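*Asks:* Could you have a look at this structure, given as structure tokens, before my questions?
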Amino acid sequence: MEMPLLVALREDGSVDPALDPALGREDLLFLFRKMLLLRALDDKAVILQRAGRIGFYVPSSGQEAAEIGSGFALKDGDWLFPSYRDQGAALVRGYPLSSIVGQLFGNASDAIKGHQMPNHWCDRSINLVSVSSPVATQLPQAVGAGYAAKLRGDNIAVIAYFGDGGTSTGDFHAAMNFAGVYGTPTVFFCSNNQYAISLPVARQTASGSIATKAAAYGFEGVRVDGNDLLAVYGVTRGALEKARAGGGPTLIEALTYRMGPHSTSDDPTRYRPEEERADWAKRDPVRRFAEHLLRAGVVDGKTAETLAEEAREEVARVVKECEGAPPVSRESLVEDVYAETPWHLAEQRKLLSRGGG
Ligand SMILES: Cc1ncc(C[n+]2csc(CCOP(=O)(O)OP(=O)(O)O)c2C)c(N)n1
Numbered sequence: 136m137e138m139p140l141l142v143a144l145r146e147d148g149s150v151d152p153a154l155d156p157a158l159g160r161e162d163l164l165f166l167f168r169k170m171l172l173l174r175a176l177d178d179k180a181v182i183l184q185r186a187g188r189i190g191f192y193v194p195s196s197g198q199e200a201a202e203i204g205s206g207f208a209l210k211d212g213d214w215l216f217p218s219y220r221d222q223g224a225a226l227v228r229g230y231p232l233s234s235i236v237g238q239l240f241g242n243a244s245d246a247i248k249g250h251q252m253p254n255h256w257c258d259r260s261i262n263l264v265s266v267s268s269p270v271a272t273q274l275p276q277a278v279g280a281g282y283a284a285k286l287r288g289d290n291i292a293v294i295a296y297f298g299d300g301g302t303s304t305g306d307f308h309a310a311m312n313f314a315g316v317y318g319t320p321t322v323f324f325c326s327n328n329q330y331a332i333s334l335p336v337a338r339q340t341a342s343g344s345i346a347t348k349a350a351a352y353g354f355e356g357v358r359v360d361g362n363d364l365l366a367v368y369g370v371t372r373g374a375l376e377k378a379r380a381g382g383g384p385t386l387i388e389a390l391t392y393r394m395g396p397h398s399t400s401d402d403p404t405r406y407r408p409e410e411e412r413a414d415w416a417k418r419d420p421v422r423r424f425a426e427h428l429l430r431a432g433v434v435d436g437k438t439a440e441t442l443a444e445e446a447r448e449e450v451a452r453v454v455k456e457c458e459g460a461p462p463v464s465r466e467s468l469v470e471d472v473y474a475e476t477p478w479h480l481a482e483q484r485k486l487l488s489r490g491g492g
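Each residue of the sequence shown is one higher than the last, beginning at 136 in the working numbering.
So this is what it looks like as structure tokens:
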């Protein structure tokens with residue numbers, strides 16, 4: 136089944152008035168800064184990993200519009216269940232760059248004290264649930280949180296992020312079915328970046344699109360240009376508003392491309408042609424948004440360059456601060472798991488403080 140692709144930002148940088156979310160100048164600048172920050176973070180984090188200064192990173196270059204556009208549509212009180220590639224959505228929601236970078240170093244600058252694998256963020260204060268490593272396990276969790284909100288009568292929505300590969304899991308189907316049957320306030324946000332590590336999306340599913348799968352569960356599916364920040368924002372805002380108003384779930388498929396490797400442990404040149412990457416690079420979402428801002432007179436060329444430089448400087452400053460923090464204490468190994476430390480962990484903590492093994 137063919138699904139239309141929603142596009143707001145035209146190739147020449149103008150906007151289709153029918154899909155223009157009519158954001159003000161301040162919002163546009165805020166979003167542009169976040170896109171630049173995310174791109175600068177990616178560039179730096181990959182270098183840090185290559186230099187052995189951090190262990191692991193999952194880049195999202197190429198997916199900035201999908202991340203930032205959708206995350207910006209969330210309101211206070213909404214919940215975010217991310218995958219490992221959604222630092223952009225967290226960032227625009229208010230998760231500080233210093234927390235992202237601190238978690239990568241896993242030292243005393245890390246709010247969760249190195250207890251998680253690198254690139255696995257969380258922050259209770261903004262309802263940012265910890266990244267799930269097993270693909271798509273966050274989906275039933277998100278539906279459960281939405282169901283709880285519905286039972287309580289909370290006026291909130293829950294967004295769950297995942298990739299095209301996630302749609303082949305049992306968790307995806309169980310979550311979609313439950314959400315449809317119980318009308319939970321869930322927005323399923325699929326960043327279709329064309330690959331699940333080395334597996335292209337054409338071998339992931341025989342469906343004409345991912346969005347079309349929503350029909351089988353009795354709710355709306357939408358296909359949006361994931362490199363078009365304005366369209367992504369408008370579509371996600373609409374789906375979240377519908378969810379908060381009791382209209383039930385929506386599946387959004389954001390069509391995008393992962394420009395870098397799957398993670399710092401991957402070499403994409405082994406499974407995808409360079410021409411394909413180069414072709415998608417022409418649709419780079421950061422440049423596309425910049426062209427729109429130039430055309431709309433929100434920035435001029437010089438300001439755009441200055442903002443990009445500021446983003447790189449901010450990343451460099453935050454990296455320096457976080458990298459310079461001391462290691463976490465050994466005792467913290469047994470903290471934050473139980474409200475009251477059980478005897479066996481208390482004993483281990485004593486051993487650790489004494490330097491025993
Ligand atoms: C249940 C499970 N199976 C396999 C893996 C190994 N794995 C990690 S990421 C990944 C690909 C996921 O691709 P996709 O859902 O398209 O998201 P993307 O990485 O492209 O953002 C796989 C197979 C895993 N983490 N969990």
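Ideal Cβ positions, reconstructed from N, Cα and C, are used throughout, including at glycine.
Everything numeric in this text was worked out from a predicted model, so none of it was measured.
Should M252 go down as buried or exposed, given a rule of 16 or more other Cβ atoms within 10 Å for buried?
*Replies:* By 1-based counting over the sequence shown, the position of residue 252 is 117. Classification of M252: exposed, given that the 10 Å Cβ count is below 16.
*Asks:* Put S326 into one of helix, strand or coil per three-state DSSP.
*Replies:* To locate residue 326, count along the sequence shown from 1; it is residue 191. In this structure, S326 counts as strand in the three-state DSSP scheme.
*Asks:* So S326 packs on Q222, CB below 8 Å; how close in whole Å?
*Replies:* Within the sequence shown, numbered from 1, the residue matching residue 326 stands at position 191. Within the sequence shown, numbered from 1, the residue matching residue 222 stands at position 87. Incorrect: roughly 12 Å between the Cβ atoms, too far for contact.
*Asks:* Using a threshold of 7 Å, is the CB atom of I294 nearer than that to any non-hydrogen atom of ligand 1?
*Replies:* On the sequence shown, residue 294 is found 159 positions in, with the first residue counted as 1. No, the Cβ of I294 stays beyond 7 Å of every heavy atom of ligand 1.
*Asks:* Just to confirm the assignment, what range does the alpha helix (DSSP H) spanning W256 have?
*Replies:* Counting from 1 along the sequence shown, the entry for residue 256 is found at position 121. No alpha helix (DSSP H) holds W256; DSSP gives it neither H nor E.
*Asks:* Run through the DSSP bridge pairs and tell me what Y296 is partnered with.
*Replies:* Taking the first residue of the sequence shown as 1, we reach residue 296 at position 161. BP columns for Y296 point to F324.
*Asks:* Please report the Cβ distance between R220 and S195, rounded to the nearest whole angstrom; I am assuming they are in contact, meaning their Cβ atoms lie under 8 Å.
*Replies:* What you label residue 220 is simply residue 85 of the sequence shown in a count that begins at 1. What you label residue 195 is simply residue 60 of the sequence shown in a count that begins at 1. Confirmed, Cβ separation roughly 5 Å.
*Asks:* Cutting at 6 Å between CB atoms, please list the residues of its own chain near V450, excluding the five before and the five after it.
*Replies:* Looking up residue 450 in the sequence shown gives position 315. Once the five neighbours on either side are set aside, the close Cβ partners of V450 are A175, L176 and K179.
*Asks:* Measure the beta-carbon distance from Y282 to T319 and round it to whole angstroms, keeping in mind my assumption that it falls under 8 Å.
*Replies:* Along the sequence shown, read from residue 1 onward, the residue named residue 282 stands at position 147. Along the sequence shown, read from residue 1 onward, the residue named residue 319 stands at position 184. Going by Cβ atoms, the distance from Y282 to T319 rounds to 5 Å, so yes, they are a contact pair.
*Asks:* Grab me the residues of S488's own chain with a C-beta within less than 7 Å of its C-beta, minus the 5 sequence neighbours each way, in chain order.
*Replies:* Residue mapping note: residue 488 aligns to position 353 of the sequence shown, counting from 1. Result list for S488: E466, in chain order.
*Asks:* Tell me which residue opens and which closes the alpha helix (DSSP H) that G206 is part of.
*Replies:* Locating residue 206 in the sequence shown gives position 71, where the first residue counts as 1. E199 to G206 is the extent of the alpha helix (DSSP H) around G206.
*Asks:* On the DSSP bridge list, what partners appear for L144?
*Replies:* Taking the first residue of the sequence shown as 1, we reach residue 144 at position 9. Answer by DSSP bridge pairing, in chain order: V150.
*Asks:* Does the beta-carbon of K131 have 16 or more other beta-carbons within 10 angstroms, so that it is buried, or is it exposed?
*Replies:* Outside the modelled stretch of the chain, which goes from 136 to 492, sits residue 131, for which no answer is possible.
*Asks:* Taking contact to mean 3 or more Cβ pairs, one atom from each stretch, closer than 8 Å, check whether the region 305-315 and the region 388-403 are in contact.
*Replies:* Because the criterion of three Cβ pairs below 8 Å is not met, the region 305-315 and the region 388-403 do not touch.
*Asks:* Would you mind sorting Y296 into buried or exposed? The rule is 16 or more other CB atoms within 10 Å of its CB.
*Replies:* As a working mapping, residue 296 is identified with position 161 in the sequence shown. With 16 or more other Cβ atoms within 10 Å, it is buried.
*Asks:* Who are the Cβ neighbours of W214 in its own chain at under 6 Å, not counting the five residues just before and after it?
*Replies:* As a working mapping, residue 214 is identified with position 79 in the sequence shown. N262, A280 and V293, listed in sequence order.
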